[in-house]
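Using our numbering, the first residue of the sequence shown is number 835, and each one after it goes up by one.
Where is the CB? At the ideal position from N, CA and C, for every residue including glycine.
Everything numeric in this text was worked out from a predicted model, so none of it was measured.
Input: a single structure, listed below in structure tokens.
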Amino acid sequence: RRVERGPQLPRGSGRARGAARDALLRALRPYSVHQRLVDQELLRALRTMDERIGALAGGQSALAAQLRRRDEDEGPPVAPSAPR
835 RRVERGPQLP RGSGRARGAA RDALLRALRP YSVHQRLVDQ ELLRALRTMD
885 ERIGALAGGQ SALAAQLRRR DEDEGPPVAP SAPR
């Protein structure tokens, strides 16, 4: 939630303080924009990874279910005997 809200503004800013704050924010704007773009790219990458991990987990669950059904149908696997 903190990320969505952003920083809290200081209370009781005077006129001079407001002008200094505005100048600072103007100077920092290119860096802030760059950081926001980096954050958005990281978020997209994390969401993609989450989707892929979810798909892998679903695939593993399906494979495990197939193996259980096969074992129930055929019985447990038998180890091959060693050659004499």
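**Same chain, Cβ closer than 8 Å to G840, neighbours up to 5 away in sequence not counted** = Closer than 8 Å at the Cβ level, and outside the excluded window around G840, lies no residue.
**Request:** State yes or no: is the C-beta of P914 nearer than 8 Å to some heavy atom of the ligand ATP?
**Result:** Inclusion of the ligand ATP in the displayed structure is not the case, the ligand content being empty and no account of it being possible.
**Asked** Taking the alpha-carbon positions, what's the L871 to Q842 distance?
**Response** Distance between the alpha carbons of L871 and Q842: 21 Å.
**Message:** In whole angstroms, give me the CA-to-CA distance for R851 and A891.
**Reply:** Rounded to the nearest angstrom, the two C-alpha atoms are 54 Å apart.
**Asked** Starting from P841 and walking both ways along the alpha helix (DSSP H), at which residues does that stretch end?
**Response** Here P841 belongs to no alpha helix (DSSP H), and DSSP marks it neither H nor E.
**S866 and L877 closer than 9 Å at C-beta** = One thing to note: S866 has its Cβ no nearer than 9 Å to the Cβ of L877.
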